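Chains as they are written, first to last, in my numbering: chain A, 1153 to 1291; chain B, 1153 to 1291. Quick notes on the structure that follows.
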DNA sequence: CTAGGGCTTCCCCTTGCTGGAAGGTCAAGC
DNA sequence: GCTTGACCTTCCAGCAAGGGGAAGCCCTAG
């Protein structure tokens, strides 16, 4: 299989696949003309990578997951550990975004959004703190 | 004020402030020895930037917000527009993360996490689709 | 035999900084 | 007067995770 085929199969752009080879995630063979030649197992790995990335795992996580995947002797606890840590990061990220969202929604709500220059959004960004006093006042 | 002072005031690292000058967000003066000299207004802008960034606005958004902030003739609608678009992006991001979270939580839950190699997480990453059939089966 | 599509490498661009090296400046202490 | 240490300066490199595009092979069809 050439890179185009495996790209179509895995859903990953060819650029990405070359990049993954660069950083050592896959090691396709080369045919006489210099083209990369992908085996079934390479295609399989790439699909695995695509799905791991889609779940938000970092490249380094993917590298570790892939190694565990290939290791028949692995303990599922190792995999679970990685997944749980990732889950935690996701939760943190969600919490952070929700906090932004809340503040921002509040400000958007308070802004008339008309031709006049008065704007609570700018006023808030310009003034000192998002402290407890302000939280109380705006609550 | 030197960069250290304004860094302490704004809570931004000196590196970041230099970067903001690089990309034209602030334009401090220079004193005879070559040191940057920040006016009150610069400090104020940097604080504004810090708060905008904390709300997740991109640098380009910040640039626009800052311009609107400085423009006494602005229409609050313009500000609101930017904020609303950002709010939308945040909502999308949250939705995306929640979906990842759901899938991942499901897998983590199904994994024994012991010394044995059998692992539903790897099995899922390795196999074909997250399609409707699978959603039904795992629901 | 030429056109096209696919493949190769290479290097720069992105976002928003962060770290570090090499060196100038300034105030304090001896 | 000299040193020490904390500041400050510039520039260069790099992170994640690729994307864009140039210059140049390769291969096949008409």
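All C-beta atoms, glycine included, are put in the ideal place defined by N, C-alpha and C. No experiment lies behind these values; they were computed from the predicted model shown.
Local conformation of residue i per DSSP, three classes
i	result
residue 1277 of chain B	helix
residue 1256 of chain A	helix
residue 1241 of chain A	helix
residue 1182 of chain A	strand
residue 1188 of chain A	strand
residue 1249 of chain B	helix
residue 1225 of chain B	coil
residue 1215 of chain A	helix
residue 1268 of chain B	coil
Proximal residues to residue i (C-beta, below 7 Å), its chain only, five neighbours per side dropped
i	result
residue 1233 of chain B	none
residue 1265 of chain B	none
Beta carbon proximity, residue i to chain A, threshold 8 Å
i	result
residue 1273 of chain B	yes
residue 1168 of chain B	no
residue 1190 of chain B	no
residue 1164 of chain B	no
residue 1294 of chain B	Outside the shown range of chain B (1153 to 1291) lies residue 1294 of chain B, about which nothing can therefore be said.
Proximal residues of chain B, C-beta to C-beta of residue i below 8 Å
i	result
residue 1178 of chain A	Going along chain B, no residue has its Cβ under 8 Å from residue 1178 of chain A, so there is no contact; the nearest lies around 15 Å.
residue 1153 of chain A	Correct list: empty, because the minimum Cβ distance to chain B is about 17 Å.
residue 1243 of chain A	1253
Cβ-based neighbour list, residue i, same chain, cut-off 6 Å, excluding 5 preceding and 5 following
i	result
residue 1271 of chain B	1263
residue 1181 of chain B	1189
residue 1161 of chain A	1195
Residue i versus residue j: straight-line alpha-carbon distance, rounded
i	j	result
residue 1209 of chain A	residue 1238 of chain A	7 Å
residue 1203 of chain A	residue 1172 of chain A	14 Å
residue 1254 of chain B	residue 1206 of chain A	13 Å
residue 1227 of chain A	residue 1217 of chain A	12 Å
residue 1245 of chain B	residue 1184 of chain B	47 Å
residue 1159 of chain A	residue 1236 of chain A	30 Å
residue 1163 of chain A	residue 1199 of chain A	8 Å
residue 1187 of chain A	residue 1230 of chain A	36 Å
residue 1251 of chain B	residue 1249 of chain A	15 Å
residue 1256 of chain B	residue 1267 of chain A	46 Å
residue 1242 of chain B	residue 1219 of chain A	34 Å
residue 1275 of chain B	residue 1211 of chain B	41 Å
Partners in chain A for residue i, counting only beta-carbon separations shorter than 7 Å
i	result
residue 1204 of chain B	1277
Chain B contact residues for residue i, given Cβ-Cβ distances below 7 Å
i	result
residue 1224 of chain A	1269
residue 1220 of chain A	1274
residue 1208 of chain A	1252
Closer than 8 Å at the beta carbon, the chain A residues around residue i
i	result
residue 1260 of chain B	1232, 1235, 1236 and 1239
residue 1247 of chain B	Going along chain A, no residue has its Cβ under 8 Å from residue 1247 of chain B, so there is no contact; the nearest lies around 10 Å.
Cutoff 8 Å: residue i Cβ touching any chain B Cβ
i	result
residue 1266 of chain A	yes
residue 1228 of chain A	yes
residue 1257 of chain A	yes
residue 1198 of chain A	no
Beta-carbon contacts of residue i that lie in its chain and below 8 Å, excluding the five residues immediately before and after
i	result
residue 1273 of chain B	1259, 1260, 1262 and 1263
Any non-hydrogen atom of the ligand GDP within 7 Å of residue i CB
i	result
residue 1207 of chain A	Of ligands this structure carries none, so the ligand GDP is not represented either.
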